[in-house]
């Protein structure tokens, strides 16, 4: 179980470098709580099996965490700008997103 959990933590940290070890461990614990709600060692085999067989769920959660932390970073960056510049930067980002989306649709 611990090896499987550590593997997921390493994978998460590689995909989301902004995440701390403590945060990654907490996400893995959250992923496993439905399988091992008490954290009892008798549940080790169930958790290990779940981690091995639910790679798509794990990958989806890693992507969700990556996006969440990216959004937090963007918010912090925009918040650090002078109030007068925030609107301009957000407007530019919206424009960039529209152009990028149209280019992606063409590809």
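In our numbering, the protein residues as written are 834 to 940.
Note that the Cβ used here is the ideal one computed from N, Cα and C, for glycine as well.
Only residues of its own chain outside the window of five on either side were considered, and among them none has a CB closer than 7 Å to the CB of residue 933.
Residue 868 and residue 836 have their C-alpha atoms some 16 Å from each other. Your pair residue 902 and residue 849 checks out as a contact, with CB atoms roughly 6 Å apart and the cut at 8 Å. Cβ-Cβ distances below 8 Å link residue 865 to 838, 880, 883, 884 in the same chain, with the five nearest sequence neighbours on each side left out; the list follows chain order. Residue environment: residue 845 is assigned as buried (16 or more neighbouring CB atoms within 10 Å of its CB, all protein chains considered). Within the stretch 851–916, the complete alpha helix (DSSP H) runs of at least 4 residues fall at 854–865, 877–886, 888–912. For a cut-off of 8 Å, the C-beta gap from residue 906 to residue 851 is around 7 Å, short enough to register as a contact. A direct Cα-Cα distance of roughly 51 Å separates residue 924 from residue 878. Less than 9 Å divides the Cβ of residue 922 from the Cβ of residue 911.
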